[in-house]
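Converting from the sequence shown to my numbering requires adding 2 to each position, the first position being numbered 1. Notes to accompany the following structure.
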Amino acid sequence: MAKKETEALSKIVKKLPDFIEALEDKIQIITSRMATLKKSGLIYATEHWRRDNNGVPKYFYLLYPQQMGEKRKREYIGTDPDKIHNAQEGRKRAIEYDGLSKELDELQRYVRQIHQALADAECHLTMAIS
């Protein structure tokens, strides 16, 4: 019985380097994507459309979160479709960046938990053979 269990332990341990490498690769992909998004520009603002005289949305603005003690920043983008598109893409990048940041935090939490579990396993094995 003990032989089967120790063999099962050995099989698990042999898989660990591949799992750790895959985890490192995933973390690298996320951090690389986050760097690309940040370099391209992140816009943390809400869209606001001012309507023309006919009530049709025409003038595009970005409204930034209010900072303590300051007036809320409003940036006029205008009616140029390219400028509007660039501003909207910057907002999308910020949303994606925040999602990736949460995913990265979760992976780092897993790494800490796995590290603790492996350290505990090493401690138990050390006690078992002493």
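The beta-carbon is built from N, C-alpha and C at its ideal position, and this holds for glycine as well. Remember, predicted model here, so these are calculated numbers, not experimental data.
Considering only the alpha carbon of each residue, which of the options lies closest to residue i?
| i | options | result |
| --- | --- | --- |
| Ala-47 | Thr-8, Ala-89, Gln-30 and Lys-16 | Ala-89 |
| Ile-29 | Arg-93, His-50, Leu-109 and Arg-53 | Leu-109 |
| Leu-106 | Glu-9, Asp-27 and Asp-20 | Asp-27 |
| Arg-52 | Glu-77, Lys-41 and Thr-38 | Glu-77 |
| Arg-93 | Ile-22, Leu-18, Ala-37 and Glu-49 | Glu-49 |
| Ile-31 | Cys-125, Leu-102 and Arg-114 | Leu-102 |
| Arg-111 | Ile-97, Glu-9, Leu-25 and Gly-71 | Leu-25 |
| Glu-98 | Leu-39, Gln-118, Gly-57 and Glu-7 | Leu-39 |
| Leu-18 | His-117, Gly-57 and Thr-128 | His-117 |
| Ala-37 | Asp-100, Gly-71, Glu-7 and Leu-11 | Asp-100 |
| Glu-91 | Ile-131, Ser-42 and Leu-11 | Ser-42 |
| Ala-119 | Asn-56, Val-15 and Glu-72 | Val-15 |
Assuming the contact rule is C-beta atoms closer than 8 Å, residue i and residue j should be a hit. Round their C-beta distance to whole Å, please.
| i | j | result |
| --- | --- | --- |
| Lys-75 | Tyr-66 | 4 Å |
| Arg-114 | Leu-44 | 27 Å between Cβ atoms; not a contact. |
Once the 5 residues before and after residue i are set aside, which same chain residues still bring their CB inside 7 Å of it?
| i | result |
| --- | --- |
| Ile-79 | Phe-62, Tyr-63, Leu-64, Lys-85, Ile-86 and Ala-89 |
| Leu-127 | none |
| Asp-82 | none |
Just grab the DSSP bridge partners of residue i for me.
| i | result |
| --- | --- |
| His-50 | Tyr-63 |
In chain order, what residues of the same chain have a beta carbon less than 8 Å from the beta carbon of residue i, not counting five sequence neighbours either side?
| i | result |
| --- | --- |
| Gly-57 | none |
Could you pull out every unbroken beta strand (DSSP E) segment of at least 3 residues lying fully inside the stretch 70-121, listed in chain order?
Counting only runs of 3+ residues, the beta strand (DSSP E) found wholly inside the stretch 70-121 occupies 76-80, in chain order.
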